[in-house]
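Peer 1: Have a look at this one before I ask anything.
Residue numbers (the numbering used here): 768 to 1111.
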């Protein structure tokens, strides 16, 4: 029985067996000229031994031969964007591919969006596109790429999740972990700083947190405010929430930038974190360890998600969409404390 039979063999597996780069395997598989006989023999032996059969989508992707992947992004969080780009770059570098970055202004007219996208295609060919939130849920963008027959993978989509291949986390369940943390610490006056309504995962985080809190602490008081995933919006939301005679004991902000803004607001208003107020974020970006106290947060493997998305494009997308799930976990640091420590 040939090695690899019974599971999908990818070009990456072939490359490892042959001891060559993924780009070299692609060149041999697609019959490119200028390939040495030694290289062709190595790859052919690995292909035969593993039973590798390239599908039509993979041939089409490799046949473009630009060896370039592009990221399309429109996210106000520089920490999030940096991790997306880092993960994508690592995957591209390992495979001998180039990486391009394009910022899309999505809050524009249909005509302007098409103009932006057409300009990107005119600048050079790309083998595929990675779409990060909130672009991953922009139907205008998806329709355009499909009309142009461009391969793409979405990161953390919410709308039409089965429409295309994607990489995602379970943000609903992850936010429930924050609720369970607050319950364990004994907090009953709780606040929630939500992200933009146009960001699907922000809604998942809100809903997951509220459902868990309502189940665990039925008599909890939960106040809500809204931000746009920026530090400033978190600071302003924090100031609004902390006004009054009964401020919250704990705040969950649905990304780290806003959580840092809440902590800044608390310090401006004379509250100590975590002695007077517990704060938790979501993402585990660089800011979580550069502010003090260090931020308790949900670790979202953003770089890994981007890396997986790139590898899916390079290996070739199957005819039927697939979803790769990446796990999150709670990282408890210095910004939370038991309600028992709060002043009487």
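Positions of the beta carbon are idealized from the N, C-alpha and C atoms, including for glycine.
Out of 1054, 1007 and 889, state which residue places its alpha-carbon closest to the alpha-carbon of residue 1026.
Peer 2: Walking along the chain shown from the start, residue 1026 turns up at place 259. Measuring C-alpha to C-alpha distances from residue 1026 to each of 1054, 1007 and 889 identifies 1054 as the nearest.
Peer 1: With respect to the alpha helix (DSSP H) encompassing residue 999, which residues constitute its N-terminal and C-terminal limits?
Peer 2: Mapped onto the chain shown, residue 999 falls at position 232. Where residue 999 is concerned, the enclosing alpha helix (DSSP H) stretches over 998–1009.
Peer 1: Find the nearest neighbour of residue 934 within the set 1016, 925, 962 and 848, judged by alpha-carbon distance.
Peer 2: As a working note, residue 934 is residue 167 in the chain shown. Nearest option by C-alpha distance: 925.
Peer 1: Could you tell me which of 1005, 789, 872 and 813 sits nearest to residue 861, measuring between CA atoms?
Peer 2: Working through the chain shown from its first residue, we reach residue 861 at position 94. When each option's Cα is compared against that of residue 861, the closest is 789.
Peer 1: Could you pull the DSSP bridge partners for residue 933 from this structure?
Peer 2: Against the chain shown, residue 933 aligns to sequence position 166. For residue 933, which the question treats as bridged, DSSP gives the partners 921 and 1090.
Peer 1: Distance, Cα to Cα, residue 913 vs residue 874?
Peer 2: Residue numbering aside, residue 913 sits at position 146 when the chain shown is read from its first letter. Residue numbering aside, residue 874 sits at position 107 when the chain shown is read from its first letter. In a straight line, the C-alpha of residue 913 is about 21 Å away from that of residue 874.
Peer 1: Do you know how far the Cα of residue 808 is from the Cα of residue 997?
Peer 2: Reading the chain shown from its first residue, position 230 is the one you call residue 997. Reading the chain shown from its first residue, position 41 is the one you call residue 808. Cα-Cα distance, rounded: 54 Å.
Peer 1: Under a Cβ-count criterion, where at least 16 other Cβ atoms within 10 Å of its own Cβ denotes burial, should residue 901 be classed as buried or exposed?
Peer 2: Reading the chain shown from its first residue, position 134 is the one you call residue 901. Buried, since its Cβ has 16 or more Cβ neighbours within 10 Å.
Peer 1: Tell me the rounded alpha-carbon separation between residue 940 and residue 880.
Peer 2: In the chain shown, counting from the first residue as 1, residue 940 sits at position 173. In the chain shown, counting from the first residue as 1, residue 880 sits at position 113. Roughly 34 Å separates the two Cα atoms.
Peer 1: Which residue or residues does DSSP assign as beta-bridge partners of residue 1047?
Peer 2: Along the chain shown, one-based indexing puts residue 1047 at 280. Residue 1047 is bridged to 1019 and 1063.
Peer 1: Going by beta-carbon coordinates alone, are residue 1029 and residue 1005 separated by less than 8 Å?
Peer 2: The residue you call residue 1029 lines up with position 262 of the chain shown. The residue you call residue 1005 lines up with position 238 of the chain shown. The answer is yes: Cβ separation under 8 Å.
Peer 1: Exposed or buried, residue 829, counting other C-beta atoms within 10 Å across all chains shown (16 or more means buried)?
Peer 2: Indexing the chain shown from 1 puts residue 829 at position 62. Confidence is the limiting factor: at residue 829 the pLDDT is only 48, short of 50, which leaves the residue's position unreliable, though a coordinate-based value still follows. Counting Cβ neighbours within 10 Å, residue 829 comes out buried, since at least 16 surround it.
Peer 1: From the DSSP output, read off the bridge partner residues of residue 1112.
Peer 2: A query on residue 1112 cannot be resolved here, the shown segment of the chain reaching from 768 to 1111 and no further.
Peer 1: Please report how far the alpha carbon of residue 929 lies from the alpha carbon of residue 920, in whole angstroms.
Peer 2: Start at 1 with the first residue of the chain shown, and residue 929 comes out as number 162. Start at 1 with the first residue of the chain shown, and residue 920 comes out as number 153. Their Cα atoms are separated by approximately 12 Å.
Peer 1: If you drop the 5 nearest sequence neighbours on each side, which residues of the same chain put their C-beta closer than 6 Å to that of residue 944?
Peer 2: Position 177 of the chain shown, counted from the start, is the residue given in the question as residue 944. Excluding positions up to five away in sequence, the list reads 1097.
Peer 1: Using three-state DSSP, classify residue 988 as helix, strand or coil.
Peer 2: What you label residue 988 is simply residue 221 of the chain shown in a count that begins at 1. Note: residue 988 maps to strand in three-state DSSP.
Peer 1: Look up residue 1112 in the DSSP assignment and give the residues it is bridged to.
Peer 2: There is simply no residue 1112 to check, as the chain begins at 768 and stops at 1111 in what is shown.
Peer 1: Three-state secondary structure (DSSP) at residue 1038?
Peer 2: Here residue 1038 corresponds to residue number 271 of the chain shown, with the count starting at 1. The answer is coil: DSSP assigns residue 1038 none of H, G, I, E or B.
Peer 1: What residue from 927, 968, 951 and 1013 has the CA that sits closest to residue 958's CA?
Peer 2: Residue 958 sits at position 191 when you count from the first residue of the chain shown. When each option's Cα is compared against that of residue 958, the closest is 1013.
Peer 1: Count the other C-beta atoms from every protein chain shown that fall within 10 angstroms of the C-beta of residue 1094, then say buried if there are 16 or more, exposed otherwise.
Peer 2: Mapped onto the chain shown, residue 1094 falls at position 327. It counts as exposed.
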